[in-house]
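Here's the structure, in structure tokens; my notes come after.
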Amino acid sequence: MNDKPKWKVARLDDIERRGRDIPVREHLGIQAFGINAYTPGEDGTLINEHDEAGSGQEELYFVLDGNASFEVDGETVEAPAGTFLFVRPEARRKATGDGTVLALGGKPGEAYQGIDWGEAWPFHRDSLTAYGEQRYADALEAVRGGLERKPDHAGFHYNYACFATLAGDTSDETLAHLRRSVELLPRFREDARRDDDFAAVRDDPRFEEALR
């Protein structure tokens with residue numbers, strides 16, 4: 500059997516949900532660009548408020564069904580099913596609604612580098628929940644569990660360095676995880692330089708050494 504078929508078909512209901520996220524890219528094995536779908540949370544959130552100034556990523560949103568209400572740089576855009584919305588990196592955006600939104604993204608002029616979580620997803624989910632609640636020690640513990648399952652997972656090594664730094668651990672071990680994340684996924688080099696999670700070590704010579 501061909502492990503890498505030349506084409507695949509999937510319907511939204513075929514893709515296992517991760518909370519309100521639908522991991523389209525990972526399910527289909529897409530490597531060339533970022534693409535995922537989102538359903539509303541309990542509070543109606545479809546797209547969390549954010550910008551992509553740090554990553555430089557352009558994003559295209561498409562409302563697959565239902566309705567969405569976007570706010571982009573303070574301006575409201577009502578988006579029924581069938582609406583496309585293109586947003587450049589610096590624009591602040593968020594969306595609420597009762598529909599399903601497909602998001603595609605990539606940085607102009609650069610190859611896309613994705614992170615697949617697979618069976619490690621529950622550890623990643625738990626770590627992000629704790630991170631969002633500023634329970635950094637708990638977030639770190641979840642990442643350790645993920646690394647036991649996936650010892651060469653770039654995302655876990657990067658998040659280990661983030662969460663450990665936020666928890667006050669700026670040891671050589673923490674920076675070794677950052678170094679390993681860059682070895683596995685070079686895009687983390689620039690991500691780390693922009694990431695406020697590393698504010699406590701940004702002026703530490705070991706930080707730049709880890710990014711070489």
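Heads up, this note's numbering is the position in the sequence shown plus 499, with the first residue counted as 1. Even for Gly, the Cβ is constructed at its ideal location relative to N, Cα and C. All values derive from a computational prediction rather than experimental measurement.
Endpoints, the beta strand (DSSP E) within which residue i is located
i, result
"R643", "Not the beta strand (DSSP E): R643 falls in the alpha helix (DSSP H), residues 635–648."
"F585", "583–586"
"F622", "From DSSP, F622 is part of no beta strand (DSSP E) but of the alpha helix (DSSP H) over 620–631."
"T664", "Not the beta strand (DSSP E): T664 falls in the alpha helix (DSSP H), residues 653–665."
"E589", "Run containing E589: none; DSSP gives neither H nor E here."
Residue i to residue j span [Cα, whole Å]
i, j, result
"D651", "L559", "31 angstroms"
"P539", "G573", "21 angstroms"
"V571", "I546", "11 angstroms"
"S713", "F697", "This structure leaves residue 713 out entirely; the chain is present only between 500 and 711."
"T628", "E618", "17 angstroms"
"G598", "D513", "17 angstroms"
"E707", "E689", "11 angstroms"
"L684", "A709", "13 angstroms"
"R714", "A594", "This structure cannot speak to residue 714, because the chain is shown only from 500 to 711."
"A638", "Y630", "6 angstroms"
"E541", "R517", "14 angstroms"
"G608", "F585", "17 angstroms"
"F470", "R634", "This structure cannot settle anything about residue 470, because the visible part of the chain is limited to 500 through 711."
"A663", "A699", "11 angstroms"
"E682", "A653", "8 angstroms"
"P621", "R701", "30 angstroms"
"K606", "A641", "30 angstroms"
"E672", "D703", "14 angstroms"
"S626", "A531", "27 angstroms"
"V582", "A602", "At residue 582 the sequence reads Thr, which differs from the Val that was named. So the alpha carbons of these two residues sit roughly 12 angstroms apart."
Residues bridged to residue i [DSSP beta-bridge criterion]
i, result
"R517", "D520"
"I614", "The partner list for I614 (beta bridge, DSSP) is empty, contrary to what the question assumes."
"Y560", "L584, A602"
"S568", "E577, T595"
"T544", "T595"
"I534", "L603"
"H526", "None; H526 has no bridge partner."
Limits of the unbroken alpha helix (DSSP H) element including residue i
i, result
"V681", "671–683"
"P704", "704–709"
"R693", "687–693"
Count the CB pairs spanning the segment 559–570 and the segment 643–660 that are closer than 8 angstroms, and state whether there are at least three. They do not touch, by the three-pair rule.
Inter-stretch contact (C-beta, 8 angstroms, three-pair minimum) for the segment 578–595 and the segment 539–557: Per the Cβ contact rule, the segment 578–595 is in contact with the segment 539–557 (3 or more Cβ pairs under 8 angstroms).
Contact between the segment 610–622 and the segment 650–664: three or more CB pairs below 8 angstroms? Using a C-beta cut-off of 8 angstroms, the segment 610–622 makes contact with the segment 650–664, since at least three inter-stretch Cβ pairs fall below that distance.
Report yes or no: do three or more beta-carbon pairs, one from the segment 577–586 and one from the segment 514–534, lie closer than 8 angstroms? Between the segment 577–586 and the segment 514–534, the count of Cβ pairs shorter than 8 angstroms is below three; the stretches do not touch.
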